[in-house]
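Enquirer: Each protein sequence line maps, in turn, to chains P and F.
Using our numbering, the first residue of the first sequence is number 3, and each one after it goes up by one.
Using our numbering, the first residue of the second sequence is number 1241, and each one after it goes up by one.
Every residue gets a Cβ at the ideal spot worked out from N, C-alpha and C, and that includes glycine.
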Amino acid sequence: MTYDIVFVAASALAIASALGVVLSVNPFYSALSLIMHLVSLATMYLLLQADFLAAAQVIVYAGAVMIMFLFVIAYLGNRADEPTRDVPLWQLGAAVVAGSAVVIEIVVAVASQAFGPGATVTDQFGNPSLVANSFFSRYLLGFEATSILLLVAAVGAVVLGSKRPSPRVDEPDAFPAPRTQPELELQAAVMGAETAFPVHHVPRKDEESS
Amino acid sequence: MHIGVEYFVSVSAIVFGIGMFGVFTRRSPLILLLSVELMLNSCNLTLIAFSRYWGEQSGQVFALIVMGIAASEVVVGLGLVVAVARRKPHAPRAEPAKTAIEAGG
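Below you can see the structure in the form of structure tokens.
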């Protein structure tokens, strides 16, 4: 009975917060709803006796990944907002149709199948040592591939986030040498003094009076 | 009422559909990433539900691998978002509403 109540509460919370992710205007609220969604999914993992994964979900996902999301949203400021909110009606309708088609398809496929009560498992099912046993023996290749993927992603993120901007395609010389003084003066003459560097020293009012 | 695997799979299908709706309708790359996270997590729920149903650890191992893939996807995606945002200035603030005199004149 408790199982049922927890399941209903967790699934209702998961669906509601998933809707919050998609429908919130403010990206901050979207990220916060996703944290709520991840926590309610962790509750469902506990119901499925995946103890280690529930802990990993809360610590890795809700703790680390989402904090990074929030940092980026805070860093971007108003650049994180959407450029426009007016989605054409046909796109909205097509999205609703596509999303509900997937849902109906899966629900019908699942409902037409008679699932038994499932395998009986011991209390040890899903604890870290058993997961690690199959992870490090049978699925060692997947483990190694995942670690290489993470390494590549980390290197890629460092390259993308480094201070030096990546060269643009239309720039023949990506990192030109600093300009000389005559070039700067020419630029100032062409572009107007207020848009270029202050080439000539313009005395301020208090300097004139002294 | 016995909560079987079909209930968990149905919930994950609904969440997947919501994430799909988000990918199709939202414009901001950040929200797109969040919607992709929703879809990946619903797949995780399915994997774990069937892992419990068959009494096999494999599904949980796959779910862990999916979490690793999702983490690297977020890292690269956020790096791209920040790199794009560096190249463009802050979006202009919304124009203040005109007063009646300005609008009339």
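Output needed in chain order: residues of the stretch 1306-1328 of chain F with a Cβ under 8 Å from some Cβ in chain P.
Expert: M1307, G1308, I1309, A1310, A1311, S1312, E1313, V1314, V1315, V1316, L1318, G1319, L1320, V1321, V1322, A1323, A1325, R1326, R1327, K1328
Enquirer: List the residues of chain F that I17(P) touches, going by C-beta distances under 8 Å, in chain order.
Expert: Simply V1251, I1254, V1255, I1258.
Enquirer: DSSP on D6(P), reduced to helix/strand/coil?
Expert: helix
Enquirer: Can you tell me whether F1302(F) sits near the ligand FAD, meaning its C-beta is under 7 Å from at least one heavy atom of the ligand?
Expert: Looking for the ligand FAD in the displayed structure turns up nothing, as the structure carries no ligands at all.
Enquirer: Within the continuous alpha helix (DSSP H) that includes D83(P), where are the two ends?
Expert: Careful: D83(P) lies outside any alpha helix (DSSP H) and carries neither H nor E.
Enquirer: Taking V1245(F) as the query, report the chain P residues whose CB atoms sit under 7 Å from its CB, ordered along the chain.
Expert: F117, G120
Enquirer: Any Cβ of chain F within less than 8 Å of the Cβ of G95(P)?
Expert: no
Enquirer: Can you find the residues in the same chain that come closer than 8 Å, C-beta to C-beta, to R1260(F), ignoring five residues on each side of it along the sequence?
Expert: The identity of residue 1260(F) in the sequence shown is Met, whereas the question assumes Arg. The answer, listed in chain order, is S1275, M1279.
Enquirer: Examine chain F for any beta-carbon lying closer than 8 Å to the beta-carbon of A57(P), and answer yes or no.
Expert: no
Enquirer: Tell me which residue opens and which closes the alpha helix (DSSP H) that S1250(F) is part of.
Expert: 1245-1265
Enquirer: Given a cut-off of 8 Å on the beta-carbon distance, is the pair F30(P) and I75(P) in contact?
Expert: yes
Enquirer: List the residues of chain P that V1347(F) touches, going by C-beta distances under 9 Å, in chain order.
Expert: Beyond the ends of chain F as shown, which are 1241 and 1345, falls residue 1347(F); an answer cannot be given.
Enquirer: Verify the CB distance criterion: does D125(P) have a CB-CB separation below 8 Å to chain F?
Expert: Taking Cβ atoms only, chain F never reaches closer than 8 Å to D125(P), which makes this a no.
Enquirer: Of the choices R1326(F), A1303(F), V1245(F), Y1293(F), whose alpha-carbon is the least far from that of V133(P)?
Expert: Comparing Cα positions, the closest option is A1303(F).
Enquirer: Which residue marks the beginning of the alpha helix (DSSP H) containing R1327(F), and which one marks its end?
Expert: 1298-1327
Enquirer: G1257(F) and V104(P) look like a contact to me (Cβ under 8 Å); what is the Cβ gap, rounded to whole Å?
Expert: 5 Å
Enquirer: Name the chain F residues that come within less than 8 Å of Y5(P), Cβ to Cβ?
Expert: I1243
Enquirer: Taking 8 Å as the CB-CB limit, is Q51(P) close to chain F?
Expert: yes
Enquirer: I'd like to know if M38(P) contacts chain F, where contact means its C-beta is closer than 8 Å to some C-beta of that chain.
Expert: no
Enquirer: If you follow the alpha helix (DSSP H) that I150(P) is part of, which residue opens it and which one closes it?
Expert: 142-163
Enquirer: Between A1310(F) and the rest of its own chain, which residues show a CB-CB distance below 6 Å, the 5 nearest in sequence each way excluded?
Expert: L1280
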